[in-house]
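Encoded as structure tokens, the structure appears first; notes follow it.
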Amino acid sequence: MAARNSAGGAARPGGPNRTCQFKLVLLGESAVGKSSLVLRFVKGQFHEYQESTIGAAFLTQTVCLDDATIKFEIWDTAGQERYHSLAPMYYRGAQAAIVVYDITNTESFIKAKNWVKELQRQASPNIVMALAGNKADVAQKRTVEYEEANAYAEDNALLFMETSAKTSMNVNDIFMAIAKKLPIGPAQGEPTGTVDMNQPQQQQKGSCCK
Amino acid sequence: MEEEVPGGSAEATDTGSEASFKVSQREIEDVEENLKNAEAIFEHLEQLPFQVFILSEFGKPIFVNNDRDEGEVVSLAALICAFVSRCQSWGDSLMSMTSQDNHIQFLHKSPLIFCVVSKYAEQLDQQLEVLFEQICSILSKSQLENVYKKKGDNYDLRKLLRGTDRLIDSSISSWRASPINLVDSSISAIPMNSSDREFLSTTMASCMGAAKLDGALFGIMIARRQIAAIVRFKKYVIHPRDLNILINLVSDTTLKTDSQNWVPICLPRFNDTGFFYAYISYPWCNKDQDIPACLVLLSVKRDHFDGLKEVRQQIVTKLENNAKFFTNFSQAVKTPNLYQISQIGSNSESLWSFLYLNHSSRQVCMSASKIPLITRTERWMARCEMRRSSALSTRHPHLRTLFVRGTKHCLFVWVTDLFSLYCIFGPFVTAAVSFQVVEKLLKSLKSHEQRYFIINTTSF
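Read top to bottom, the protein sequences are chains C and F.
Note that the first sequence covers residues 1 to 210 in full-length UniProt numbering.
Note that the second sequence covers residues 1 to 460 in full-length UniProt numbering.
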């Protein structure tokens with residue numbers, strides 16, 4: 001756990017804050033905008049024609065809270081049916097999950113509910129779960145009402161926001177909201193393989209110049 | 001031939017018999033007729049070289065290249081299905097149909113039917129096989145066979161293949177780009193100094209070996225659809241066809257970013273019932289640098305991501321720390337240095353282009369473009385010539401050497417058990433002169449073989 005203080009490197013200069021790493025997974029039907037949300041959050045970009053993800057992509061992004069720096073290790077999974085059986089590999093050991101649906105696609109909301117159920121059964125009991133109703137920029141084509149999704153989220157104790165990767169509405173907010181709910185501090189954080197992994201990497205940089 | 005064959009350990013030595021020196025030379029008599037035909041072929045090829053259909057054996061369309069109207073596709077699929085099943089009911093199988101300028105090839109691999117309608121006839125059967133393996137790589141053969149049993153004959157496989165159209169599309173377009181690579185199941189190495197390639201391989205092998213990940217079998221560095229290095233666990237071998245599936249996968253634009261990817265992929269020549277998990281990263285494609293090299297680490301274990309991520313980091317650090325290597329490597333990947341024909345000396349002016357395929361290592365070396373085969377059209381013409389002669393030598397296995405004099409250029413083909421060589425010469429060479437040049441070329445390739453071929457696959 002000592003590695004936490006040295007990892008990341010994005011801590012505010014002069015700040016006394018800790019750096020914590022958390023694993024976050026995005027789940028949801030294909031074409032709801034998981035990759036677009038991640039791309040907006042990590043790089044601030046948006047592609048109108050985002051190609052579908054192959055397998056799963058792993059990215060990192062660091063956010064700063066008042067008293068800590070949080071490094072998200074993000075698994076952006078592919079939503080296609082054929083990849084479904086691989087999902088446990090990504091959400092097992094994850095401290096946070098964003099389940100995404102498309103507000104213009106009722107089917108994707110049903111799928112999202114199934115993902116929530118699966119996470120409630122199979123994922124870590126302390127997992128912080130958020131529900132994102134994406135494509136809020138095309139609200140005129142909406143088929144999933146805000147109230148309906150919000151009520152569902154409240155019943156299941158999920159964070160909920162309608163987002164738009166295109167306009168960036170609520171994108172950073174939903175990640176920040178998750179960050180704030182994550183257990184910060186060495187005692188509370190669940191040990192993850194990835195935290196320990198950073199240690200040898202850090203040493204490598206110094207010791208490899210032979 | 002006295003000298004050794006360039007490009008890999010020979011399994012048998014060339015007999016060097018006098019017979020292989022005999023060159024059959026013939027003049028093309030009806031030049032005008034021939035040119036007209038050739039022009040027509042090229043015109044067709046440029047327009048729409050082929051139309052591919054993939055459907056289920058129950059007649060449901062699964063994939064077509066070139067956007068077509070759904071209704072049209074459905075009726076064409078039904079027609080193809082009817083042809084195939086009719087022949088099957090006779091206890092036979094339909095392979096191909098030919099009309100004046102259309103060649104239609106069928107491949108029935110239960111539960112799928114593949115069909116290509118093409119303006120030219122060469123190696124269509126092989127191309128359909130490649131497509132079948134491409135689909136297997138996404139679903140695995142066993143899953144493909146089971147899905148219709150589980151979900152019924154009317155199941156729409158497109159649901160399961162969703163998002164992979166572009167992989168199938170790029171596999172198809174690579175037929176156009178390369179004269180024989182895919183269909184002849186061969187690969188090519190990106191030209192590199194032999195010491196650099198060795199450093200790359202040993203670094204990759206030592207990092208893979210040190211990680212002691214049980215089930216991590218291969219490490220491959222790919223750049224520009226060519227192989228820079230490949231390392232393997234013990235004696236495991238990866239088939240060039242499987243490598244081409246991987247190359248096709250990693251060339252997908254969504255992977256060419258600074259993210260790291262974890263992709264299940266079936267390599268059907270290795271095992272068509274199981275999946276590999278491919279750790280794919282472009283370590284030097286980010287906002288600071290743009291070196292289009294892709295590191296692929298393959299494991300049979302789905303939970304090896306974290307382990308392989310660490311291996312990747314070690315490989316990258318070691319490579320970057322060797323400044324001399326890293327400069328050369330970036331250069332080799334950014335601006336690949338293909339074989340220059342001028343390397344073989346003064347006689348080489350008459351040689352315009354060549355393609356060499358080593359049969360035992362299944363590696364290809366192609367010459368860099370040279371006047372007068374520079375423009376896209378000119379190079380395409382050369383490729384077509386080579387493709388046709390390669391098909392010719394497949395159809396006539398006894399064919400060893402061939403010299404064809406044309407008005408615009410001459411074609412020289414030499415096929416032995418160990419290699420095939422296709423050369424395009426200027427129109428004024430004689431068979432004897434071209435043979436001398438080719439001998440020099442083989443000597444030169446042999447002396448530079450470490451640069452243009454991967455001779456040793458390092459094990460860990």
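By construction, the Cβ of each residue, glycine as well, lies at the ideal position given by its N, Cα and C atoms.
Among the options, nearest to residue i - alpha-carbon criterion
i: G44 (chain C); options: C:S124, C:M169, C:A149, C:Y146; result: C:M169
i: F354 (chain F); options: F:L94, F:W414, F:L298, F:V300; result: F:W414
i: N358 (chain F); options: F:I454, F:Q343, F:D125, F:I247; result: F:I454
i: V64 (chain F); options: F:L128, F:Q123, F:K234; result: F:L128
i: L112 (chain F); options: F:Q100, F:H103, F:Y155; result: F:Y155
i: L213 (chain F); options: F:I168, F:R312, F:I374; result: F:R312
i: A223 (chain F); options: F:T202, F:L107, F:L246; result: F:L246
i: A139 (chain C); options: C:I103, C:S52, C:E48; result: C:I103
i: M386 (chain F); options: F:S195, F:L411, F:F329, F:Q289; result: F:L411
i: Q134 (chain F); options: F:L161, F:K446, F:K151, F:D153; result: F:L161
i: S164 (chain C); options: C:N172, C:L119, C:A136, C:F72; result: C:A136
i: Q50 (chain C); options: F:L392, F:V333, F:D252; result: F:D252
i: C423 (chain F); options: F:S170, F:N261, F:H409; result: F:H409
i: Y452 (chain F); options: F:N244, F:R376, F:M192; result: F:M192
Where residue i sits in the DSSP three-state scheme
i: A149 (chain C); result: helix
i: V128 (chain C); result: strand
i: V237 (chain F); result: coil
i: A121 (chain F); result: coil
i: T143 (chain C); result: coil
i: N271 (chain F); result: coil
i: R400 (chain F); result: coil
i: N102 (chain F); result: coil
i: D102 (chain C); result: strand
i: N244 (chain F); result: helix
i: L131 (chain F); result: helix
i: K256 (chain F); result: coil
i: L139 (chain F); result: helix
Rounded straight-line distance, which links the Cα of residue j to that of residue i
i: V263 (chain F); j: F419 (chain F); result: 35 Å
i: Y356 (chain F); j: L399 (chain F); result: 16 Å
i: A87 (chain C); j: S444 (chain F); result: 53 Å
i: G215 (chain F); j: F58 (chain C); result: 21 Å
i: E122 (chain F); j: R405 (chain F); result: 22 Å
i: F218 (chain F); j: A157 (chain C); result: 44 Å
i: V38 (chain C); j: D76 (chain C); result: 7 Å
i: F435 (chain F); j: D242 (chain F); result: 35 Å
i: D272 (chain F); j: I315 (chain F); result: 30 Å
i: R82 (chain C); j: F270 (chain F); result: 21 Å
i: G91 (chain F); j: W175 (chain F); result: 32 Å
i: V73 (chain F); j: T375 (chain F); result: 36 Å
i: Q21 (chain C); j: K113 (chain C); result: 27 Å
i: T377 (chain F); j: C384 (chain F); result: 10 Å
i: L35 (chain F); j: L402 (chain F); result: Since pLDDT at L35 (chain F) reaches only 49, below the 50 mark, its modelled position is unreliable, and the value read off the structure follows with that caveat. Roughly 19 Å between the two C-alpha positions.
i: K287 (chain F); j: T257 (chain F); result: 9 Å
Endpoints, the beta strand (DSSP E) within which residue i is located
i: T19 (chain C); result: 18-28
i: M366 (chain F); result: 363-366
i: E162 (chain C); result: 159-162
i: D196 (chain F); result: Per DSSP, D196 (chain F) belongs to no beta strand (DSSP E); it is in the alpha helix (DSSP H), 194-211.
i: A278 (chain F); result: 276-281
i: A293 (chain F); result: 293-299
i: V5 (chain F); result: That residue, V5 (chain F), is in no beta strand (DSSP E); it is neither H nor E in DSSP.
C-beta atoms of residue i and residue j nearer than 8 Å
i: I54 (chain C); j: L255 (chain F); result: yes
i: I187 (chain F); j: A228 (chain F); result: no
i: S85 (chain F); j: L157 (chain F); result: no
i: L26 (chain C); j: K34 (chain C); result: yes
i: residue 464 (chain F); j: P268 (chain F); result: The structure shown does not extend to residue 464 (chain F), since chain F spans only 1 to 460, so no value can be given for it.
i: A151 (chain C); j: L131 (chain C); result: no
i: A77 (chain F); j: F53 (chain F); result: yes
i: T457 (chain F); j: T202 (chain F); result: no
i: L441 (chain F); j: I344 (chain F); result: yes
i: L182 (chain C); j: V128 (chain C); result: yes
i: E29 (chain C); j: G93 (chain C); result: no
Residue i - containing alpha helix (DSSP H), residue span
i: K334 (chain F); result: 323-334
i: A431 (chain F); result: 431-447
i: E81 (chain C); result: Element bounds for E81 (chain C): n/a, residue is neither H nor E.
i: W352 (chain F); result: Taken as a continuous stretch (DSSP letters only), W352 (chain F) belongs to no alpha helix (DSSP H), being part of the beta strand (DSSP E) at 351-358.
i: Y90 (chain C); result: 87-91
i: G44 (chain C); result: It is not in any alpha helix (DSSP H) - G44 (chain C) carries neither H nor E in the DSSP assignment.
i: Q122 (chain C); result: 106-122
i: L160 (chain F); result: 158-161
The ligand HEM heavy atom lying under 7 Å from the CB of residue i
i: I315 (chain F); result: Among the components of this structure there are no ligands whatsoever, and the ligand HEM is therefore not found.
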